[in-house]
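A short worksheet on the structure shown next.
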Amino acid sequence: MLEKALVGSKRYWLWMGALLVVIGIAFIMYLRQFSEGLGITGMSRDVSWGLYIGQFTFLVGVAASAVMLVIPYYLHDFKKFGKIVIMGEFLAVSAVIMCILFIFVDMGQPMRITNVILYPTLNSVMFWDSVVLMGYLALNIVIGWTTLAADSKGVHPPQWVKPLIYLSVPWAVSIHTVTAFLYAGIPGRHFWLTAVMAARFLASAFAGGPALLIILALLVRKLTKFDPGYEPIQALGKIVTYAMFANVFLLGLEFFTAFYSNIPGHMHPFKYLYTGIEGHDKLVPLMWTSSILAVVALFLLVFPGFRKNENLLAVACASLFISLWIDKGFGLVIGGFVPNMFEGITEYWPTAPEAMITLGVWAIGFLVLTVLYKVAVSIREEGGFHE
Amino acid sequence: MSINRRQFLKLAGVSTVLGIGGPAVLNGMGGKILEATQTHPDPKSLAAKRWGFVVDVSKLNTPEDYQKCIDACHDIHNVPDIGNTKDEVKWIWKDNYERTFPTSTEDEYMNKEMKERNFLLFCNHCAQPACVRVCPTKATFKRKDGVVMQDMHRCIGCRFCMAACPFGARSFNYRDPRPFIKKENKQFPTRMIGVVEKCTMCYERLAVGQMPACAEASNGAIVFGDLEDPNSEVRKIIESKYTIRRKPELGTQPSIYYVIGGKE
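Residue numbers (this note's numbering), protein chains in the order written: chain A, 1007 to 1393; chain F, -4 to 259.
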């Protein structure tokens, strides 16, 4: 099936070439980071995680969101998702690959990464996170590839894949829960020490991931002969709407607890993010951009009249995706480190090499996604699908 | 005794399974975990059930008093002087009351002298260390005598421990530290880029019967001893004077006690 990714239009190869150029430049930057150390990033003694870990966290959510297609299709027999469930699974594959790469580029000693497996440490959430991520990657590759291969031959998928599909449902929830536990179990970081962290992660994942899927589905319709269909996209739009309201609600809970309790340590990170503290306000414009985009997205999503217009739906999904990308891919991590453990403020901003490496990892993700989607779309174009 | 090729291979196979595979299987099944031990410990080496410190800042009066303790540590442990706060590496440093005890500084009427007093900060060697709990490779671990150790050869540089430590005790080598070491102590290893490091309670000095370097250089301001021993000097001070620890509400049980008496 992979051979289908080796033939394509001029536009296809141009896109792949552009991605490879970005990856190439990022790789050179990474070599510099590898030899000079993480000092070339904006991270510091006080803000010891930054853009890389933020992207990792955000993308775990994107990966987990595949379950929003799997549950309706496989558990509720919602047939309309039949043709696009593969898009969710392949998006999960590329997202998990990006997650692993973001962890890798964040390591101080990446050549020692196998120590996590050589000295398995059951009390470390990071150990479990690597276990669940690897497992989820394997599950989605196997499930996606097997069901697609069956479609291309016009037969039912083999029976053994069913239990794996059912397993992938709680597994998707687990990857994002365990990722939330990386943060929510740390004493002394008020912004992260909250029981609703995992719930917030899942809500934002189930909003952001399907929003990206809607955009991808619209692109696929525009660029290929395969039409994912109007109704599946509308169904996804409803999922995005509910999940985003849940996400904003949970964020509201955080604000209430911090400010009604009036406990300084709990209020400080929010003040830093949304108003700045003593003139330290690098993140304030970003956080308000995120908030405004969230309001715009919810406004467009909540009225069926707007949502049913695919152009407006696309605008809503793009706003929502960017909003969550800022909130979770950046604010969430930095808010945990500012103020620092001494209630002092050290600000963080990514450097150019750091941003380039980040872009490079995204480019690798899009490269993988393009190849996988090319295969899937080619099979759908040939009419391959079996209910 | 002569054996043929076949017998030799059989024997070799069995002994491999027993010799290498065997213990590994036992370990995996939750059998007795082997611990690294010194075969011939120095008879002078210091031992305790739980090492701890009492820091009496009323005995540190001039900036030089603080600096002596800091230099004593940083010089023998090859701690680099990077020269900027972003990439800095430090094992022991001084800071004021507000930043040392940030959860108890909402008091606007507090005695000015106390508010501006400087404290010496270093790894608390907590009894319930958050850093050890989160480390994915056991590069940071707790010894039986209470020392929270850091294995710079196993550390993968994920910095989870830095996120977890509530005391900011840990530093990461954002850049190659070696060019920033003023005078290298050949008796102690230097570090490479990409690993986390911190105070290791002078484990190398304890092993040969010496006190931690900061305590030795402190002129009595830092007292070192066994917290589990009711007759130790540290326990006697804790009994007789009012002491506080940093962020005790987090339950990590720090092993550094600060004497907060006014003037004596």
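Using N, Cα and C, we set each Cβ at its ideal position, and we do this for glycine too.
For clarity, every value in this text was computed on a predicted model and none was experimentally measured.
query: Any 3 or more C-beta pairs closer than 8 angstroms across the region 1022 to 1033 of chain A and the region 128 to 137 of chain F; result: no
query: is_contact[L222 (chain F), chain A] using C-beta, thresh 8 angstroms; result: no
query: Nearest-angstrom Cβ-Cβ length linking M1362 (chain A) and F162 (chain F), presumed shorter than 8 angstroms; result: Contact flag wrong, Cβ pair sits at about 34 angstroms.
query: Nearest to A1303 (chain A) (by Cα), restricted to the options A:L1319, A:L1289, A:N1315; result: A:L1319
query: C-alpha distance - G1191 (chain A) paired with R128 (chain F), whole-angstrom precision; result: 10 angstroms
query: For A1101 (chain A) and A1382 (chain A), the rounded distance between their alpha carbons; result: 17 angstroms
query: Distance CB(M1074 (chain A))-CB(P1176 (chain A)) smaller than 8 angstroms; result: no
query: Touch test, the region 141 to 157 of chain F against the region 229 to 245 of chain F, Cβ-Cβ under 8 angstroms, three pairs minimum; result: no
query: CB-CB length for F114 (chain F) against Y92 (chain F), believed under 8 angstroms; result: 7 angstroms
query: DSSP state of H996 (chain A) mapped onto helix, strand, coil; result: What the structure shows of chain A is the stretch from 1007 to 1393, and residue 996 (chain A) is not part of that stretch, so it cannot be assessed.
query: Reduced DSSP secondary structure (H/G/I, E/B, other) of T135 (chain F); result: strand
query: Exposed unless 16 or more other CB atoms sit within 10 angstroms - verdict on T1047 (chain A); result: buried
query: Nearest to F1232 (chain A) (by Cα), restricted to the options A:G1043, A:E1388, A:S1041, A:L1037; result: A:E1388
query: Beta carbon proximity, W1355 (chain A) to chain F, threshold 8 angstroms; result: no
query: Partner residues on chain F for H1055 (chain A), Cβ-Cβ distance less than 7 angstroms; result: The sequence shown places Trp at residue 1055 (chain A), rather than the His named in the question. Result: R154, A158.
query: Whole runs of the alpha helix (DSSP H) within the region 1198 to 1283 of chain A, excluding any shorter than 4 residues; result: 1203 to 1229, 1236 to 1267, 1270 to 1280
query: Closer than 8 angstroms to chain A by CB, C130 (chain F); result: yes
query: Neighbouring residues, chain F, relative to V1275 (chain A) (Cβ below 9 angstroms); result: Note on identity: in this sequence residue 1275 (chain A) is Pro, with Val being the wrong assignment. The contacting residues do not exist; P1275 (chain A) stays about 13 angstroms from chain F at best.
query: The region 1157 to 1172 of chain A touching the region 1038 to 1052 of chain A, judged by at least three CB pairs closer than 8 angstroms; result: no
query: Span of the alpha helix (DSSP H) around D1333 (chain A); result: No alpha helix (DSSP H) holds D1333 (chain A); DSSP gives it neither H nor E.
query: Limits of the unbroken alpha helix (DSSP H) element including W1019 (chain A); result: 1016 to 1042
query: Same chain only: Cβ atoms within 6 angstroms of T1211 (chain A), ignoring 5 sequence neighbours per side; result: The sequence shown places Ala at residue 1211 (chain A), not Thr. Cβ neighbours of A1211 (chain A) beyond the five flanking positions: G1067, A1070, S1071, H1182.
query: Residues of its chain near L55 (chain F), where Cβ-Cβ distance is below 6 angstroms and the 5 sequence neighbours each way are ignored; result: Y61, A216
query: Beta strand (DSSP E) runs wholly inside the region 1109 to 1168 of chain A, at least 3 long, in chain order; result: none
query: Cβ neighbours of G16 (chain F) in the same chain (closer than 6 angstroms, five flanking residues each side left out); result: The pLDDT assigned to G16 (chain F) is 47, lower than 50, so where the model puts this residue is not dependable, and the model offers no usable value.
query: DSSP state of V1053 (chain A) mapped onto helix, strand, coil; result: coil
query: For I251 (chain F) and M196 (chain F), the rounded distance between their alpha carbons; result: 11 angstroms
query: Nonlocal neighbours in the same chain, by C-beta distance under 6 angstroms from I255 (chain F), ignoring five residues either side; result: Y237, I239
query: CB contact check: L21 (chain F) to chain A, cutoff 8 angstroms; result: Residue confidence is low: L21 (chain F) scores 45 on pLDDT, short of 50, so the model does not pin down where it sits. Its coordinate-derived value is still stated next. It does not; no Cβ of chain A falls within 8 angstroms.
query: Cβ pair K1086 (chain A), A1241 (chain A) closer than 8 angstroms; result: yes
query: Close-in-space but distant-in-sequence residues of the same chain around D1287 (chain A) (CB under 6 angstroms, 5 per side omitted); result: none
query: Proximity winner among A:L1008, A:G1114, A:Y1058, relative to T1152 (chain A) (alpha-carbon distances); result: A:L1008
query: Cβ-based contacts, 7 angstroms cut-off: residues of the region 171 to 183 of chain F near chain A; result: D171
query: Burial state of L1124 (chain A), where buried means 16 or more other Cβ atoms lie within 10 Å; result: exposed
query: Straight-line gap, V49 (chain F) to S166 (chain F) (C-alpha atoms, nearest Å); result: 23 angstroms
query: Cβ-based contacts, 9 angstroms cut-off: residues of the region 1185 to 1205 of chain A near chain F; result: L1188, Y1189, G1191, I1192, P1193, G1194, R1195, W1198
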